[in-house]
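Chemist:
In our numbering, the protein residues as written are 598 to 779.
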């Protein structure tokens, strides 16, 4: 069974996190809510996420600093970040958000349907990416099995060419062993 996509929700205000969880309800995504940039970074050490909804203005480590840390890590640098902020439509803040790697910057109040649509797209992309990874793993495994089988057939042919008294029995034993994956 495929792993369900997760969305990391980062906001210092519990009521905002509850509102985001309500907005995402019904989407094929598991929301994981944390109340600080530090908590977000810790969560990213253990879980993979399809998208991060990040409050720009938080005490201690703000969203910009948090995003900067996220984008520096190899494991998390490709996770899309949507900045959410109550700040006025200050172009400088939006530019700062994009500069640290955000894919979008939404100011409150935002249309919940627009946010749902954006999250849905990133969840779908993440799901497709996971499917591609699984297919690539399966292809690598099939190629490895094919390689092992080819090597066994080559070994059986070498044994047959040697022409010893037990060559046929030995070659057959090699092929039977390969057939059953031993």
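Think of the CB as a built atom: it goes at the ideal place given N, C-alpha and C, for glycine as much as any other residue.
Report all residues from its chain with a CB closer than 6 Å to the CB of residue 653; omit the five preceding and five following residues, and keep chain order.
Modeler: Once the five neighbours on either side are set aside, the close Cβ partners of residue 653 are 660, 680 and 682.
Chemist: What does DSSP give as the partner residue(s) for residue 729 in the beta ladder?
Modeler: In the DSSP output, where bridge partners are listed per residue, residue 729 has none listed.
Chemist: What first and last residue would you give for the beta strand (DSSP E) that runs through residue 606?
Modeler: Residue 606 -> beta strand (DSSP E) spans 602 to 607.
Chemist: Where are the alpha helix (DSSP H) runs, 4 residues long or more, that stay fully inside the region 684 to 767, in chain order?
Modeler: The region 684 to 767 contains these whole alpha helix (DSSP H) runs: 688 to 696 and 709 to 759.
Chemist: Quick one: grab the DSSP three-state call for residue 638.
Modeler: Three-state result, residue 638: helix.
Chemist: Do the CB positions of residue 696 and residue 663 come within less than 7 Å of each other?
Modeler: Going by C-beta atoms, residue 696 is not nearer than 7 Å to residue 663.
Chemist: Taking DSSP as the reference, what is the three-state secondary structure of residue 624?
Modeler: Note: residue 624 maps to coil in three-state DSSP.
Chemist: Within its chain, find whatever has a CB closer than 6 Å to the CB of residue 753; leave out the 5 residues flanking it on each side and keep chain order.
Modeler: Cβ within range, chain order: 768, 771 and 772.
Chemist: What residue does the alpha helix (DSSP H) around residue 663 start on, and which one ends it?
Modeler: Residues 660 to 669.
Chemist: With a threshold of 16 other CB atoms inside 10 Å of the CB of residue 656, please say whether the residue is buried or exposed.
Modeler: Exposed.
Chemist: Spatial neighbours of residue 601 within its chain, please: CB distance less than 6 Å, with the 5 preceding and 5 following residues excluded, ordered by chain position.
Modeler: Only 627 meet the Cβ criterion.
Chemist: From the DSSP output, read off the bridge partner residues of residue 680.
Modeler: According to DSSP, residue 680 bridges with 651 and 702.
Chemist: Short check: CB of residue 605 to CB of residue 667, under 7 Å?
Modeler: Going by C-beta atoms, residue 605 is not nearer than 7 Å to residue 667.
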